[in-house]
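First to last, the protein sequences are chains G and S. Quick note: the first sequence uses the numbering used here, first residue 1, plus one each step. Quick note: the second sequence uses the numbering used here, first residue 508, plus one each step.
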Amino acid sequence: MKKMIKCTINNYPVEVEEGTTIIQAFKKLEQEIAHYCWHPGLSIAGVCRLCMVEIEGNNKLQIACNTVVQDGMVITNQSQKVKDTVRWGLEFHLINHPLDCPICDQAGECVLQEQYMKFGAYQPLMSEDKVKKRKVVDLGSKIVLDTERCILCARCTRFTDEISKTKELGIFNRGDRSEIGIFKNKPLENDYALNTVDICPVGALTSKKFRFQQRVWYLKKAPSVCTGCSTGCNIDVYYNEEGLWRIRPRHNSSINQYWMCDKGRETFKHVNPSGRLKSSFRHTAEQTEKMTTFQALQTLKLDSKKIGLVLTGSYTCEEYDAFLDFFQLHSIYHWKNNPKNFEDYDNFLIRGDKNPNTKGLLESINKRQLKLEDCTQLEQNISHLDLLIVCAPENHKLYPCLEEKINLFLKSKELVWISPHSHTLLQKPINTVWTIPSKTYFEKTGTFINHHGTRQKIKAVASIVDSARSLEEIIHILKTGQTDLTQIASIRDKMKTNYFMEQKGSL
Amino acid sequence: MSVTKRPKKSRYLIPIFGGMLLTFKILLKNLFSRKKMLTLNYPEEHYKYGPRFKGNHILTVKKDGSLRCTACMLCATNCPANCIRITADEHADPNVEKYPISYEIDILRCVFCGYCEEACPVDAIRMGPEWQTAALNGSNFVYDIKHLAHRENLKGGVQSVVDDKERHKAGI
Ligand code: SF4
Ligand code: SF4
Ligand code: SF4
Ligand code: SF4
Ligand code: FES
């Protein structure tokens, strides 16, 4: 264990480990301190000079991010001297800053905006004209750069140097002409590039996909776990009445630190109402019958049928337990997104297993000592089955083998397809096909177990498609035939009201 | 609640006659000098409000005739009636950067508070002197860009005092 040392910050005594920087001590005490260039996940640059503090017995102000706490230090950032220095440091940042907040995507979550509003620095005191720089610079397929807004904090360059280790970004030129840029024909295309947009304290780096879609103050955020692969990065989902808009990483020191991959940021699209399966259907060769999920589950005859069950890793542990307890089978078919690169790992975050809960599925199966078979065995056995139940993946895009597998499943005498989405192949079958809408991670409460075996709880945020049912609810309906799910406390607690609207109503 | 007692002897007839007197006084005054009468024969006659009256919205235009609005959505955020809907998009010119591809005001929901005008950082929305919103059954009360910026009685649009080119020339 490291030695603990004492210091005083803004009159509060605090004990920190030896080697802690002053800014970390400020964060520990939850004291406010302005900082642009310091980021907990990156090395220290000390270039913005905004984190000034006054240390007793020291004539000059020091930067908090690059000064280590010494025993008995008395530190403050509340004195007039510090405030004046920060005010002038800010003025310095604003000399060439365009302050085009109305069209800047960062407005509302911009630390520069927060600061100049706090100090009331609306009118620059500089009498020279601002230096004009390049706007809307294309950095590749994902990111747009505005060199005027950049405050040269070097967070983005440190990210590409230290975290992604791809070194695409650099600071070019000198003095007031310095700007962030890329090298010729080397666009910013790595798998983690969008993290630079998150850490950019101003609106200099913006994501092409999210740009101008929404103003950030219209969005709410909810904590969740990324379902893009089995790493299970912690995320914040940003949403409003019209749907989900973006995903950003949430700090978790044992899983993803401050980062997430760019593919994971796309995993909100399949949750949005458009394209979702909105009610249950029974497709036969002759006709298509639309019904509610209750009706479908009640019409479905399960008794004395030989049932096969195909499971994927996109459901929660609680759902697997409910399903396996109800069906009491000896063997389960495991549908993997891509068996060949299932075990891939890029040594940072991205894994080849594109399911959030493969470990949870295996755990539920091992607990009951069931046999796990893969889809090649299903090919041989499918003719012996009366009914095949497929708990399909939540996000079809992550399954390149989707169509091939659906064609295989369609060979069964009767198919039950449980998924948030349908597929065109399912709508014109030879035999009977039932499609039953299921919930996405945004709508259900449960546990995911990531690749390392860490159990992570997710919580239902809102319901998006009213007719969608989680596997637990489906089992409950099958068991009791009861339509009123609010009668069951364990299920009622997990249900949320629908918060989304397809269209804003007009008079 | 306070309870007042009615005076025993009520002399209510006197104020009633007082009121009648006033009515007849005005009647006689109006009969003999009709020009000073306050009542208008709407809709044949219209009252003329001052130019600063806050009526139907106008989206101003730049010198080249394109919309001044930058789709910042500050008006929509400030609107207490939540009746402004804007969809933004990327502009081909990097100096403009952001512009609205659709801008709609649901005029039946609008309470004409003028907050949108006040919120706008670039003088892109103004409340004009027009005040008649009446229209036939089935008319469109959701005003779009075409109506807000280019309706006929604006005669080619109202120019904003802030123009991008001048702003850039001034080094702002
Ligand atoms: S970076 Fe911040 S301060 Fe600068 S224009 Fe954008 S929101 Fe405003
Ligand atoms: S682009 Fe953003 S993160 Fe990079 S140096 Fe500029 S302000 Fe910092
Ligand atoms: S006048 Fe008031 S209610 Fe009407 S659009 Fe503007 S802000 Fe909204
Ligand atoms: S009218 Fe003004 S406030 Fe409203 S979006 Fe356009 S520029 Fe912004
Ligand atoms: S945060 Fe300390 S100098 Fe930038």
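Where a beta carbon is used, it is the ideal one built from N, C-alpha and C, also for glycine. Predicted model, so just to flag it, every value in this text is computed and none were measured.
**Study point:** Range of the contiguous beta strand (DSSP E) that encloses T76(G)
**Key:** From DSSP, the beta strand (DSSP E) with T76(G) extends over 73-76.
**Study point:** D630(S) versus F119(G): straight-line alpha-carbon distance, rounded
**Key:** Approximately 25 Å, taken between the alpha carbons.
Exercise for review: Please go through the same chain and pick out, in chain order, the residues whose beta-carbon is closer than 7 Å to the beta-carbon of D321(G), but skip the five residues on each side of it.
Suggested key: For D321(G), where only same-chain residues beyond five positions count, the Cβ hits under 7 Å are S364.
Review point. So which of V310(G), F442(G), C229(G) has the shortest CA-CA distance to G352(G)?
Key: Closest in C-alpha terms to G352(G), from the list V310(G), F442(G), C229(G), comes C229(G).
Review point. Once you ignore the five residues that flank K459(G) on each side, which residues in its own chain have a CB closer than 7 Å to its CB?
Key: So the qualifying residues of the chain are T445.
Review point. Between which two residues does the alpha helix (DSSP H) containing I23(G) stretch?
Key: Note, I23(G): alpha helix (DSSP H), 22-28.
**Study point:** chain G contact for E604(S) (CB, 7 Å cutoff)
**Key:** Taking Cβ atoms only, chain G reaches closer than 7 Å to E604(S), which makes this a yes.
Check your understanding: Considering only residues of the same chain and omitting the five flanking positions on each side of M4(G), which have a CB-CB separation below 8 Å?
Key -> Correct list, in chain order: E15, V16, E17, E18.
Point to revise | Cβ-based burial, L507(G) [other Cβ within 10 Å; buried from 16] | key: Model confidence at L507(G) stands at a pLDDT of 39, short of 50, so the residue's coordinates are unreliable and nothing is read from them.
Point to revise | Where P102(G) meets chain S, residues with beta-carbon distance less than 8 Å | key: Residues of chain S passing the Cβ test: T577, C579, L581, P628, V629.
Exercise for review: Give, in chain order, every residue of the segment 126-142 of chain G whose Cβ lies closer than 7 Å to some Cβ of chain S.
Suggested key: Going along the segment 126-142 of chain G in chain order, one finds D129, K130, K135, V136 with a Cβ nearer than 7 Å to chain S.
Review point. Who are the neighbours of W217(G) on chain S, taking C-beta pairs under 8 Å?
Key: Correct list: T584.
Exercise for review: When you get a sec, list the residues whose CB is within less than 7 Å of any heavy atom of ligand 5, chain order please.
Suggested key: Those satisfying the condition are, in chain order, I23(G), H35(G), Y36(G), C37(G), W38(G), A45(G), G46(G), V47(G), C48(G), R49(G), L50(G), C51(G), I63(G), A64(G), C65(G), N66(G), C153(G).
Exercise for review: Using only the heavy atoms of ligand 1, determine whether one of them is closer than 6 Å to the beta carbon of A595(S).
Suggested key: When distances are taken from the beta-carbon of A595(S) to the heavy atoms of ligand 1, even the shortest one reaches 6 Å or more.
Review point. Does the separation of the CB atoms of C623(S) and C576(S) fall below 7 Å?
Key: No. Outside cutoff.
Review point. Between the Cα of L205(G) and the Cα atoms of H396(G), S79(G), N337(G), T157(G), which residue gives the shortest distance?
Key: Closest by alpha carbon: T157(G).
Review point. Based on Cα-Cα distance, which residue from Y218(G), W259(G), N357(G), G243(G) lies nearest to K108(G)?
Key: According to the sequence provided, residue 108(G) is Gly. The question's Lys does not apply to it. Nearest C-alpha to G108(G): Y218(G).
Practice item. Measuring alpha carbon to alpha carbon, tell me which of E179(G), H396(G), Q380(G), H93(G) ends up nearest I418(G). Key: Comparing Cα-Cα distances from I418(G) to each of E179(G), H396(G), Q380(G), H93(G), the minimum goes to H396(G).
Point to revise | Residue-level contact to chain S via CB, F212(G), 7 Å cutoff | key: By this cut-off, F212(G) is an interface position.
Check your understanding: In terms of residue numbering, what span does the alpha helix (DSSP H) encompassing R87(G) cover?
Key -> If you look at R87(G), you'll find it in the alpha helix (DSSP H) that goes 80-93.
**Study point:** Interface residues of chain G facing P587(S) [CB-CB closer than 8 Å]
**Key:** Within 8 Å Cβ-Cβ: nothing; P587(S) doesn't reach chain G, min ~16 Å.
Check your understanding: Does the Cβ of C576(S) lie closer than 6 Å to at least one heavy atom of ligand 7?
Key -> Absent from the structure shown: ligand 7. Ligands present: ligand 1, ligand 2, ligand 3, ligand 4 and ligand 5.
Review point. What are the boundary residues of the beta strand (DSSP E) that includes S314(G)?
Key: Per DSSP, S314(G) lies in no beta strand (DSSP E) segment and is marked neither H nor E.
Review point. Does the distance from the C-beta atom of L311(G) to that of L387(G) stay below 7 Å?
Key: It is not a contact, given that the beta carbons lie outside the stated cut-off.
Point to revise | chain G contact residues for A595(S), given Cβ-Cβ distances below 7 Å | key: Near A595(S) (Cβ distances below 7 Å), the residues of chain G are F212.
Review point. Which of the three DSSP states, helix, strand or coil, is assigned to I9(G)?
Key: If DSSP states are grouped into helix, strand and coil, I9(G) belongs with the strands.
Exercise for review: Would you verify that the beta carbon of T20(G) is, or is not, closer than 7 Å to some beta carbon of chain S?
Suggested key: Nearest CB-CB separation between T20(G) and chain S: not below the 7 Å threshold.
Review point. How about V86(G): is its Cβ closer than 6 Å to a heavy atom in ligand 1?
Key: V86(G) Cβ: outside cutoff for every heavy atom of ligand 1.
Exercise for review: Output the boundary residues of the beta strand (DSSP E) element that contains E611(S).
Suggested key: Here the beta strand (DSSP E) through E611(S) covers 605-613.
Check your understanding: For the segment 318-354 of chain G, which segments carrying the beta strand (DSSP E) assignment without a break, of at least 3 residues, lie completely within its bounds, in sequence order?
Key -> Within the segment 318-354 of chain G, the complete beta strand (DSSP E) runs of at least 3 residues are 331-334.
Review point. Any Cβ of chain G within less than 7 Å of the Cβ of P607(S)?
Key: Put simply, the CB of P607(S) is far from chain G, with every gap to its CB atoms at 7 Å or more.
**Study point:** Host beta strand (DSSP E) of T447(G) (start-end)
**Key:** Counting along the chain, the beta strand (DSSP E) containing T447(G) begins and ends at 446-449.
**Study point:** Cβ-based burial, Y519(S) [other Cβ within 10 Å; buried from 16]
**Key:** Per the 10 Å Cβ criterion, exposed.
Exercise for review: Considering only heavy atoms of ligand 1, list every residue whose Cβ is less than 5 Å from one of them, following chain order.
Suggested key: Any residue whose Cβ sits closer than 5 Å to a heavy atom of ligand 1 makes the list: D100(G), C101(G), C104(G), Q106(G), A107(G), C110(G), L112(G), Q113(G), R149(G), V202(G), G203(G).
Review point. With a cut-off of 8 Å, do at least 3 Cβ pairs link the segment 419-434 of chain G to the segment 316-331 of chain G?
Key: Flag = no, the segment 419-434 of chain G and the segment 316-331 of chain G do not touch.
Check your understanding: Going along the chain, which residues of its own chain have a beta-carbon closer than 7 Å to the beta-carbon of S511(G), five neighbours each way excluded?
Key -> This structure leaves residue 511(G) out entirely; chain G is present only between 1 and 507.
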